[in-house]
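Down below is the structure, laid out as structure tokens.
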Amino acid sequence: MHIFFLLMAFVLICADSLAKYFAYVYLKPVSSIQLPIRFLNLTYVENRGAAFGILQNQKFFFFLVTALALIVTLYYFFSLPYSKLNNIIKFCLVLIFSGTIGNFLDRIFRGYVVDFLEFTFIDFPVFNLADVYLTVGCVLISIILLKAKN
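Under the numbering used here, the first residue of the sequence shown is numbered 8, with each subsequent residue one higher.
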């Protein structure tokens with residue numbers, strides 16, 4: 008079963024890296040592309056901070072937080088015994104792991120994170136697939152934990 012999750016993480020990380028590569032190659036020169044879908048634009052942004060652009064240029068801090076996040080995520084992933092609920096939690100941990108690695112690779116190789124997805128119907132920071140993985144994984148785990156408390 009771990010092989011399946013490992014393959015899933017690999018695919019998610021590759022999808023994020025490929026999307027960022029295309030954003031870098033095709034979006035950077037034009038800055039932004041308005042999509043036919045009215046609520047989403049493709050807009051190139053180099054994010055040298057954390058979520059929403061906070062903590063600009065704090066590389067050591069990001070490496071430290073990333074290492075800690077990866078250790079905690081992997082610890083819980085491998086310590087959970089097999090069960091249907093735990094497999095759902097492991098899926099969430101794979102999302103968190105993949106998002107963390109995706110943005111970490113950008114920080115290592117580019118010195119910043121490439122963001123390119125922009126909602127046009129609200130004032131919201133530009134984000135990327137890794138951010139989506141992280142957000143969905145964290146929200147789902149939160150829901151599962153809140154339901155488990157009841």
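Even for Gly, the Cβ is constructed at its ideal location relative to N, Cα and C.
Give the C-beta separation of residue i and residue j to the nearest angstrom, bearing in mind that I take them to be a contact with Cβ-Cβ under 8 Å.
i, j, result
"Ala26", "Asn135", "7 Å"
Over the uninterrupted beta strand (DSSP E) stretch that includes residue i, give me the two end residues.
i, result
"Phe126", "120-126"
"Leu87", "Unbroken run through Leu87: none, as it is neither H nor E."
"Tyr140", "Segment 136-156 is the alpha helix (DSSP H) holding Tyr140; no beta strand (DSSP E) there."
Is residue i helix, strand or coil by DSSP?
i, result
"Ser38", "coil"
"Val133", "coil"
"Ile108", "helix"
"Ile44", "coil"
So is residue i buried or exposed if we call it buried at 16+ other beta carbons inside 10 Å?
i, result
"Ser105", "buried"
"Val37", "exposed"
"Ile108", "buried"
Name the two residues that bound the continuous alpha helix (DSSP H) containing residue i.
i, result
"Val52", "Here Val52 belongs to no alpha helix (DSSP H); instead the beta strand (DSSP E) covers 47-54."
"Val18", "9-29"
Inset, instruction - Taking 8 Å as the threshold, find out whether the stretch 136-144 comes into contact with the stretch 21-39 through three or more Cβ pairs. - result: Segments in contact, yes.
Legend entry - contact_flag[the stretch 72-92, the stretch 41-53] where n(CB pairs < 8 Å) is 3 or more: At 8 Å Cβ cutoff, the stretches do not touch.
Inset, instruction - Please determine if the stretch 114-133 and the stretch 30-37 are in contact, where contact requires at least 3 C-beta pairs separated by less than 8 Å. - result: Result yes; three or more Cβ-Cβ pairs closer than 8 Å.
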